[in-house]
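Residue numbers (my numbering): 47 to 255.
Just so you know, even glycine gets a beta-carbon here, dropped at the ideal spot from N, CA and C.
Bear in mind that the values here come from a model prediction, so they are computed numbers and not experimental data.
Written out below as structure tokens is the structure these notes cover.
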Amino acid sequence: RVTTSLSDIDVPLNLSYFQLVIHNADMDFNSVDTMDLTGMYRVVEYMPGQRMVLEKHEGYWGGRPVIQNVVHEKISDAQARVVAALSDRYHVVMNIPISSLSQFRDSSVADINVSEVANTETIYFNLNKKKFQDERVRQALSWALDRRELIALGCEGLGEPVTTWLGSNPAYSEIREVVYDTCDRGRAAELLDGAGWSLGNDGLRRKSG
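Next up, the structure:
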């Protein structure tokens, strides 16, 4: 049993992370014949960037997997993945583009399983542009942004608005600060007024002076 002096989410996170492995220093890992792997499957064929074939590892220390063989193929083109999913050739196809989800709604071949992820999509301001060097301008644009509308239009409604660039990854468990939690264009207008951006009759704002 290990006890840390302070609460540290990185300890259980790293211990449970699927990429944490112990390598045998006496073995080489330059081919499938020399890989000293201890998981429930062993690699029997590997073509970098194309295909990997796994078969059940009889020497696995844990419970025996039900599936005897697993074939993993890499399909880089997004539309080709859609065609593959609808072809009924594969049991699982991952990373279907959101723009193609409508093709699966009435499909008798494939079902879409949407899972939660911990990443975020972020827009960054180019601080080399003078207009963005004013903190009030950046704040105004952030308050004026309707995040829910962006999700509806750009993600087919499959997403959740976040108030910072940090996602829901457990590594950020201590980050709970709510910032731009609503679309407040009145507040944005006040910030732009204070920064010297005047609203014209054409509905556009221009920097005064």
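*asked:* Please classify Y124 as buried or exposed, where buried requires at least 16 other C-beta atoms within 10 Å of its C-beta.
replied: Position check: residue 124 holds Ala in this sequence, whereas Tyr was assumed. Looking at its Cβ environment, which holds fewer than 16 other Cβ atoms inside 10 Å, A124 is exposed.
*Span of the beta strand (DSSP E), counted from its first residue to its last, around S244*: 243 to 245
*W107: buried (16+ other C-beta within 10 angstroms of its C-beta) or exposed?*
exposed
*Grab the span of the beta strand (DSSP E) containing E91 for me, first residue to last.*
From DSSP, the beta strand (DSSP E) with E91 extends over 87 to 93.
*Kindly indicate which three-state DSSP category V78 falls into: helix, strand or coil?*
Of the three classes helix, strand and coil, the one that applies to V78 here is coil, per DSSP.
*Take D157 and list the residues in its own chain whose beta-carbon comes closer than 8 Å to its own, dropping the five residues that flank it on each side.*
For D157, same chain residues with a beta-carbon under 8 Å away, outside a window of 5 residues either side, are F150 in chain order.
*For the stretch 182 to 189 and the stretch 240 to 249, state whether three or more C-beta atom pairs, one from each stretch, are separated by less than 8 Å.*
When Cβ pairs closer than 8 Å are counted between the two stretches, the stretch 182 to 189 is seen to touch the stretch 240 to 249, the count reaching three or more.
*Status (buried if at least 16 other CB within 10 Å, exposed otherwise) for W189*: buried
_Buried or exposed by the 16-neighbour rule on C-beta atoms within 10 Å, applied to Y226_ = Y226 comes out buried.
_Quick check for students: name the residue ranges of the alpha helix (DSSP H) that lie wholly in the stretch 152 to 191, counting only runs of 4 or more._
181 to 190
*Roughly how many angstroms lie between the CA atoms of R251 and T166, to the nearest whole one?*
30 Å
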